[in-house]
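Have a look at the structure below, then the notes.
Chains as they are written, first to last, in my numbering: chain A, 2 to 143; chain B, -5 to 751; chain C, 363 to 559.
Laid out in structure tokens, this is it:
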């Protein structure tokens, strides 16, 4: 009763529709990537609603960025398979434990991850191990 | 002086003055009593107009006592000057008021159109089925009345009500009934409808002999009683449907109206005097709580049984508020006058929201606890003292004028904590009883006969409580106030977030949240006691009661049908540790799903539930494929009855308003062509048929034939329903179809399962 | 469409062109009761644009009588017009009326002031058949009297749509009769398809 403003889902759909012309002119493969972005933003509608921002699209953009960053973090950990446990927790939505382990990993003996060697030859001879097979737990929205 | 003890069955205005009460006596007799009962109503407004009203009232045929006085309007800070009008002729008050309102339409009126039972409850603390003690004189006029119980007791001594059930042998909308079944505790008859005279004579005898307190019927409102009444008139054999002599039954017309965002249809009604007529097919939510639920609603709302059975829960809540208001000396406004206070556009965006609804983590999850706030919104109203009159506007009065103000989270709203609000006072006893009942139910063994009664009562309470929040913001609610409604949702969002924070602080993963509940899990935790600390922490941080709904062995959150990546908040199914199922939003829960599809989906779920290892597809998939093949084969060989293929959809508007008719509209058109006109809000039942128009209505004189069924349409529905369930287990719809139709038993074909551990 | 109204200074009939910014035609004169007559969507859009334009430079009072306040649309409009769009948004005050009784109460309780008053979809609640027509007419007359009062100090603009099939036309007639300036927007007729034969 008394709901005047559209729900966050309606606002989201409205925003998505306003980009249809842009989408149409993209290549098919790019369209899929764009759809991924919107699907990603869709995961955080509740927080967007709670934010009560007058310009909701800014929050949707932030949500897209959030999910993109999670992908980056995921990939960083894939390159370092010993952190598969932390990755699993990330997948399960438990970002607290995950972030702790991220901080711990940075503190631990791996400055080479962040260090840009001046002389390519003197860099840590870290041969990237073949990425471990993705755990059977990867979320469907990858 | 006679002293009587018994239970109040009915109460209504007498023809001349005062009221009539029907008592189910402890002595086994039914007593008719009368009581003086003057009615008072008030008018406020411009003094000049009130003087004119005074003169007008003096010219009216009814004898009216007039007075100038001051009374409380809940929305105003100080008492209002009003004209008080009192008349002894109880039955005449509505007609007098009608004339007054026509002559002086602009004046605010109070206590003008209240149910008699509500007024009586406010003065004497009575309610339908109350156990009471009455002193009456020789002419059965009540001299003193004392109530012996309250609506809030769990096991009041039950009145020995006599029930009589009458129903036709078939749904009159579907075909012409041939006979009536008449049953009571002791007797059972079948009366043929082909011979009206013996039917009427027998029925009259039965009614006189059985003298029921409650007449239960099927289609009694919409067909049976109007039919019998007409028949009785035709044959000059009057039926004593009323217990009260010399009265016609009350008849109300059917109507369709807009409420809560949808079209609701109410069939016509027949009310009796001196006994209750309950039509199981026209009673609101009857399938939810049955007759016991109606008894409970009548007690708790103080509305007559026949009324409360047919009105929406909102009217029940409204009646409860009225009783509280009257007892507190607050006038009940005739019309909702209150309007919203202006807010800035920014404040509007913050306030105009509902509960927090999350997007769940899609897929299958194990050992998940569902934790729910108990009656969240009503608890919030009570705990934070939210009521139309407690929502303070500091700008209007200045903050220092209020003794204690609480700010509602981030909104520009403050709640006055000084005096207990009307709404919290109304809800408190109901919330307490609900809690007590829940505890009692948890303690009772499964075989205890009281379970059914308690369950029905609990359901009735649930509906009232669920409605009271919406009612707070309802545009026509007399004590509604949109700011109060917004304060409640704001607190709701705040408390849910605090619960989430509590869970995360304690190391839980929050899988999903929905307005007043969370789904959480933590590795290694799978038994009830291990969630206790979480419950305590949440109660500490929120001040609201919260309970563990159950622990799922596994639960699957489903994605959108359109896009698998997109989570949907209200589609899931799971099995609790005790083996019970919980399902939301899937086909088997929906009204419009045919029984054949619904059963097939249930069977798949049952197979999953019975599987010992939900991670190993070979333990259940072959059985599921077999079950689907069986269902399809039955359809193909015309082994599925037409009733099991019925689709039931609601007509959303008048037939003429459809631009492109939906299947329901096309079926309704077929019915209209044979004279069966359906109103918006009514359900249409039909099957999908081959060729044009693609549907055939169920209630036509010629029922649909199996050979004309569009089997492909149903196959599509079946596969969709099966895919809904199997998708979280890694089975896609196309794969499923191939496997089922190809008859192969290979289960390794499917994509990896989305098991979350 | 034309109503005869002695007080009416101007009556403007304009075809709706969804592509063009129609806002230019809606210039409010002081102490005037203006009526914007258009189909629902167009009405909502125009009033949002008008609100935004007014909010850039001062307070605006909105009475939402049709549950159609477009908060997000307003925010978008303001962002396009000024970098201080949040401050502008705070200058817009909104009060909603969900029944015709509430419309009357809201207008009666509105304090006379200098900031413009915009009433969105005034007639929406007056088409509710659950209230007797005589009562609705009475409430409308009172509401219009209040609007005239507000007009004495500020500009007032009211939006409304043509009645749908089955709805009484007299409500709109009374409203149009009270307005000093009427802008009526109608959908342009679809062009006749060219025929070869």
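A virtual CB, placed ideally from N, CA and C, is assigned to each residue, including glycine. Since the structure is predicted, the reported quantities are computational estimates derived from the model, not experimental observations.
Check: Helix, strand or coil: which one does DSSP assign to residue 491 of chain C?
Finding: coil
Margin query: To the nearest angstrom, how far is the alpha carbon of residue 165 of chain B from that of residue 537 of chain C?
Written below: 50 angstroms
Next item on the list: Label residue 771 of chain B either buried or exposed according to how many other C-beta atoms from any shown protein chain fall within 10 Å of its C-beta, with 16 as the threshold for buried.
Entry: Nothing about residue 771 of chain B can be reported from this structure: the residues present for chain B run from -5 to 751 only.
Notebook entry, point to check: Which runs of the beta strand (DSSP E) spanning at least 3 residues fall entirely within the segment 505 to 531 of chain B, listed in chain order?
Noted result: With a minimum length of 3 residues, the continuous beta strand (DSSP E) runs that stay inside the segment 505 to 531 of chain B are 511 to 515.
Item checked: For residue 271 of chain B, the three-state DSSP class (helix, strand or coil) -> strand
Note to self: I'd like the list of long-range same chain contacts for residue 514 of chain C, defined as Cβ closer than 8 angstroms, with 5 residues on each side in sequence excluded.
What the structure shows: 393 and 474
Check: From residue 153 of chain B to residue 31 of chain B, what distance separates their C-alpha atoms?
Finding: Their Cα atoms are separated by approximately 25 angstroms.
Margin query: For residue 112 of chain A, would you say it is in contact with chain B, using Cβ-to-Cβ distances shorter than 8 angstroms as the test?
Written below: With a pLDDT of only 46 at residue 112 of chain A, under 50, the local geometry of the prediction cannot be trusted, and the value read off the model is given with reservation. Chain B, which has no Cβ nearer than 8 angstroms to the Cβ of residue 112 of chain A, makes this no.
Check: So, helix, strand or coil for residue 608 of chain B, using DSSP?
Finding: In the three-state reduction of the DSSP assignment, residue 608 of chain B falls in the coil class, being assigned neither a helical nor a strand state.
Checklist line | For residue 510 of chain B, the nearest candidate out of B:482, B:522 and B:502 (CA to CA) | finding: B:482
Note to self: List, from N- to C-terminal side, the beta strand (DSSP E) runs of 3 residues or more that fit wholly inside the segment 549 to 592 of chain B.
What the structure shows: 561 to 570 and 575 to 578
Check: Taking DSSP as the reference, what is the three-state secondary structure of residue 189 of chain B?
Finding: coil
Notebook entry, point to check: Name the chain A residues that come within less than 8 angstroms of residue 350 of chain B, Cβ to Cβ?
Noted result: Within chain A, the residues near residue 350 of chain B are 47, 50 and 51.
Notebook entry, point to check: How do the segment 463 to 474 of chain C and the segment 496 to 516 of chain C stand: do at least 3 beta-carbon pairs fall below 8 angstroms, yes or no?
Noted result: yes
Check: Taking C-alpha atoms, which residue in B:288, B:619 and B:700 lies nearest to residue 720 of chain B?
Finding: B:619
Next item on the list: State yes or no: is the beta carbon of residue 507 of chain C nearer than 8 angstroms to at least one beta carbon in chain B?
Entry: no
Item checked: Contacts around residue 431 of chain C, its chain only, beta-carbon distance under 8 angstroms, and the 5 residues preceding and following it disregarded -> 424, 456, 458 and 482
Checklist line | Cβ shell of residue 662 of chain B (< 8 angstroms), same chain only, five flanking positions each side left out | finding: 645, 649, 672, 678 and 691
Check: Can you check whether the CB of residue 92 of chain B is closer than 8 angstroms to the CB of residue 33 of chain B?
Finding: No; because the gap between Cβ atoms is not below 8 angstroms, this pair is not in contact.
Notebook entry, point to check: Listing by chain order, which chain B residues have their CB less than 8 angstroms from the CB of residue 33 of chain A?
Noted result: Those do not exist, as residue 33 of chain A stays about 11 angstroms from chain B at its closest Cβ, beyond 8 angstroms.
Margin query: Just to confirm my understanding: we take residue 577 of chain B, look at its own chain, exclude 5 residues before and 5 after, and list those with CB closer than 7 angstroms. What are they?
Written below: 567 and 583
Notebook entry, point to check: Taking 8 angstroms as the CB-CB cut-off, is residue 360 of chain B touching chain A?
Noted result: no
Next item on the list: Using beta-carbon positions only, say whether residue 559 of chain B and residue 40 of chain A come within less than 8 angstroms of one another.
Entry: yes
Check: With DSSP run on the structure shown, which of helix, strand or coil describes residue 10 of chain B?
Finding: coil
Next item on the list: Kindly indicate which three-state DSSP category residue 168 of chain B falls into: helix, strand or coil?
Entry: coil
Notebook entry, point to check: According to the neighbour-count rule (16 or more other Cβ atoms, all chains shown, within 10 Å of its Cβ), is residue 752 of chain B buried or exposed?
Noted result: No information on residue 752 of chain B is available, as it lies outside the stretch -5 to 751 that chain B covers here.
Next item on the list: Tell me, please, which residues DSSP counts as bridged to residue 210 of chain B.
Entry: For residue 210 of chain B, which the question treats as bridged, DSSP gives the partners B:159 and B:272.
Notebook entry, point to check: Taking the DSSP output, what are the residues bridged to residue 357 of chain B?
Noted result: DSSP, once it has assigned bridges, lists B:551 as partnering residue 357 of chain B.
Notebook entry, point to check: Between which two residues does the alpha helix (DSSP H) harbouring residue 36 of chain B extend?
Noted result: Unbroken run through residue 36 of chain B is the beta strand (DSSP E), 33 to 37; no alpha helix (DSSP H).
Next item on the list: Locate the alpha helix (DSSP H) running through residue 314 of chain C, then write down its first and last residues.
Entry: Given that chain C is displayed from residue 363 to residue 559, the structure contains no residue 314 of chain C and the question cannot be resolved.
Check: What did DSSP end up calling residue 250 of chain B once you bin it into helix, strand or coil?
Finding: Residue 250 of chain B falls in the strand class under three-state DSSP.
Notebook entry, point to check: Mind listing which residues of the segment 409 to 442 of chain C have their C-beta closer than 9 angstroms to chain A's C-betas, in chain order?
Noted result: 426, 429, 430, 431, 432, 433, 434, 436, 437, 438, 440 and 441
Check: So is residue 485 of chain C in contact with chain A if we call contact Cβ pairs under 8 angstroms?
Finding: no
Check: chain A beta carbons: is any one of them nearer than 8 angstroms to that of residue 316 of chain B?
Finding: no
Next item on the list: Please list the partners that residue 498 of chain C has in chain B, where partner means a Cβ-to-Cβ separation under 7 angstroms.
Entry: Neighbours of residue 498 of chain C on chain B: none; closest Cβ ~11 angstroms, over 7 angstroms.
Check: Exposed or buried, residue 522 of chain B, counting other C-beta atoms within 10 Å across all chains shown (16 or more means buried)?
Finding: exposed
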